[in-house]
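Quick note, the sequences are listed as chains R and G, same order.
Take the first sequence: its letter number 152 is residue 152 in this note's numbering, and every next letter is one higher.
Take the second sequence: its letter number 56 is residue 1056 in this note's numbering, and every next letter is one higher.
Just so it is clear, CB atoms sit at the ideal spot from N, CA and C, and this is done for glycine as well.
One structure below.
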Amino acid sequence: MPWSCGIGTRVSQVAIDGAGDGVPDSAQRGGGTGVTGMWMFLATDAMGFGGLFIAYGILRVRADVWPDPRTRLALAPAAAMTFALLASSLTMTLATRAVGLRARRVWLLVTLALGIAFLAGAAIEYAHLAMGLSSDLFASTFYLLTGFHGLHVLVGLVGVAFMLRSRFGAQALETMGLYWHFVDAAWMAVFSLVYLWPAR
Amino acid sequence: MSDSADTAQAARPRGAAIAAMFAALVLLTSLELVVVVVLGMDRAERITTLAGLLMAKFMLVLLFVMRARVSQLVVRLALAAIALAATAAIVLMLETVFRVGVS
């Protein structure tokens, strides 16, 4: 019965929203299956990140030598990338709460630009690093963690770009926003552990 | 409309709340940089401070930016799993760091 009620509510809501910008705003009424499904996905994804972080911590502590991150990595560009991702999270929030499809698209476009800037920063950083994937344990874990996160950003960018090309609803935007904020939160952990925590 | 849905609508952040949330995130990130670059803490203090700042940022994003605090039961279960994974990662790493010996 709850499912049939949900469908009925959704249909009537779409009919009501048809008089406006055509975007059903079900997310404002508590979200739906998309949002719940995204939360479930994020829970499993968080465990993936958590497993990597635990492996990173154990490898780091057990290593005979672990270089200070500041001797290998440039902190200023990484901090700039962090602020870019934070800003993109803000613009995604603004897109989620914006009224009207056009305003949402503008904020999504800014989010897309900031996400691309983040990935460009990561690519430039990779190009300038004096270490390869198999140089040592520090390098391997660095590329694994940042690469895994970068892949998430890339998937998010594809999703945002897809939304820009389509006529999306508020619930879809809310779902996309959840994913993007999670990617931001994951970067906070990567930034702190990989770039900031001091060497032994 | 359910109570939780009404709560979610009522809890939708206003402009000032959004600005405050992201100002706090920027401030906490800046504090992390200050701890690493400016302050001359020893290793154990620095790691503990950074872990605390990280947890604060993480909870801020989870509870206020992702608005997990106003979500449904299923979402809360998923949130519990996320929190469990994050907490286990941080605690295990801290435990290992201190067990091996700092500074």
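Legend entry - 6 Å CB neighbourhood of residue 69(R) in its chain, flanking five on each side removed: As a working mapping, residue 69(R) is identified with position 69 in the first sequence. Cβ within range, chain order: 195.
Inset, instruction - Check each residue of the region 46-58 of chain R: if its Cβ is closer than 9 Å to any Cβ of chain G, include it; give the result in chain order. - result: 46, 47, 48, 49, 50, 51, 52, 53, 54, 56, 57, 58
Legend entry - Cβ pair residue 188(R), residue 122(R) closer than 8 Å: Within the first sequence, the letter at position 188 stands for residue 188(R). Within the first sequence, the letter at position 122 stands for residue 122(R). Their beta carbons are not under 8 Å apart, which means residue 188(R) does not touch residue 122(R) by this criterion.
Inset, instruction - Identify the contact partners of residue 1062(G) in chain R, using a Cβ-Cβ distance below 8 Å as the criterion. - result: For the purposes of this step, residue 1062(G) is taken as the residue at position 62 of the second sequence. Here the neighbours are 185.
Legend entry - Collapsed DSSP secondary structure at residue 107(R) in the structure displayed: As a first step, residue 107(R) must be located in the first sequence, where it is residue number 107. It is helical.
Inset, instruction - Residues of the region 168-193 of chain R with a CB closer than 9 Å to any CB of chain G: list them in chain order, please. - result: Answer set for the region 168-193 of chain R: 177, 178, 181, 182, 184, 185, 188, 189, 191, 192, 193.
Legend entry - Nearest-angstrom beta carbon gap, residue 111(R) and residue 92(R) [assumed within contact, 8 Å]: As a position in the first sequence, residue 92(R) is number 92, starting the count at 1. As a position in the first sequence, residue 111(R) is number 111, starting the count at 1. Contact flag correct, Cβ pair sits at about 5 Å.
Legend entry - Exposure label - residue 128(R); buried when at least 16 CB within 10 Å: Residue mapping note: residue 128(R) aligns to position 128 of the first sequence, counting from 1. With fewer than 16 Cβ atoms within 10 Å of its Cβ, residue 128(R) is classed as exposed.
Inset, instruction - Indicate the three-state DSSP secondary structure (helix, strand or coil) for residue 130(R) in the structure shown. - result: Taking the first sequence and counting its residues from 1, the one referred to as residue 130(R) is at position 130. Correct three-state label for residue 130(R): coil.
Inset, instruction - Using a Cβ cut-off of 8 Å (strictly closer), state whether residue 1078(G) contacts chain R. - result: Translated into the one-based positions of the second sequence, residue 1078(G) becomes position 78. Interface residue, yes.
Legend entry - Residue of 1094(G), 1064(G), 1081(G), 1078(G) minimising C-alpha distance to residue 1020(G): In the second sequence, the residue the question calls residue 1020(G) occupies position 20. Among 1094(G), 1064(G), 1081(G), 1078(G), the Cα nearest to that of residue 1020(G) belongs to 1064(G).
Inset, instruction - Please confirm if residue 197(R) has its CB atom under 8 Å from at least one CB of chain G. - result: Residue 197(R) sits at position 197 when you count from the first residue of the first sequence. It does; some Cβ of chain G falls within 8 Å.
Inset, instruction - Can you give me the Cβ contacts of residue 176(R) inside the same chain, cut-off strictly under 7 Å, excluding the 5 residues immediately before and after it? - result: For this step, residue 176(R) is matched to residue 176 along the first sequence. Within the same chain, residue 176(R) has close Cβ partners 159, 160, 163.
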